[in-house]
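Read the structure below first, then the notes.
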Amino acid sequence: MSFDIFDMNNSIPVRIKKNKTEKINENEGSSIIILSPTYPEQNLTKQINKSTTKIIEKAMLEGLKEIREARNLSSEEINDFWKKFLEPKKISEI
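Rendered as structure tokens:
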């Protein structure tokens, strides 16, 4: 069975609707893209709201500042630094 496009009845008008982009572009402009290690093919940005974005940005900037300051530490101090730096923190502490 084959379908030939030229055999279509062209007297029937076709109305093409504009695509709904509200939900597609819902998170457009998000500055952070979150990929889950459990589902790396899935973008988790939809689950990040503005306040969570601010918390993540603040934590990343503070972490960067601490790492830059760690450059001046001695080899003994650096081990203690990493132990403290890698300890999990509560969101309320950030």
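Residue numbers (the working numbering): 1462 to 1555.
Beta carbons are placed, not taken as given, at the ideal position from N, Cα and C, and that holds for glycine.
Cα-Cα separation between residue i and residue j, rounded to whole angstroms
i: T1514; j: N1540; result: 30 angstroms
i: K1550; j: L1525; result: 15 angstroms
i: A1531; j: K1511; result: 30 angstroms
i: A1520; j: E1554; result: 10 angstroms
i: L1534; j: T1499; result: 35 angstroms
i: K1478; j: K1545; result: 57 angstroms
i: S1536; j: R1529; result: 15 angstroms
i: E1538; j: I1509; result: 36 angstroms
Residue i beta carbon near the ligand PLP (any heavy atom closer than 7 angstroms)
i: L1534; result: Of the ligands one can find in the structure shown there are none, so the ligand PLP has no counterpart to examine.
Unbroken alpha helix (DSSP H) run spanning residue i, endpoints
i: T1513; result: K1511 to A1531
i: K1545; result: S1536 to F1546
Proximity winner among the options, relative to residue i (alpha-carbon distances)
i: I1552; options: S1536, R1529, I1516 and T1499; result: I1516
i: E1523; options: K1479, K1478 and L1547; result: L1547
i: E1527; options: F1542, K1478, R1476 and I1509; result: F1542
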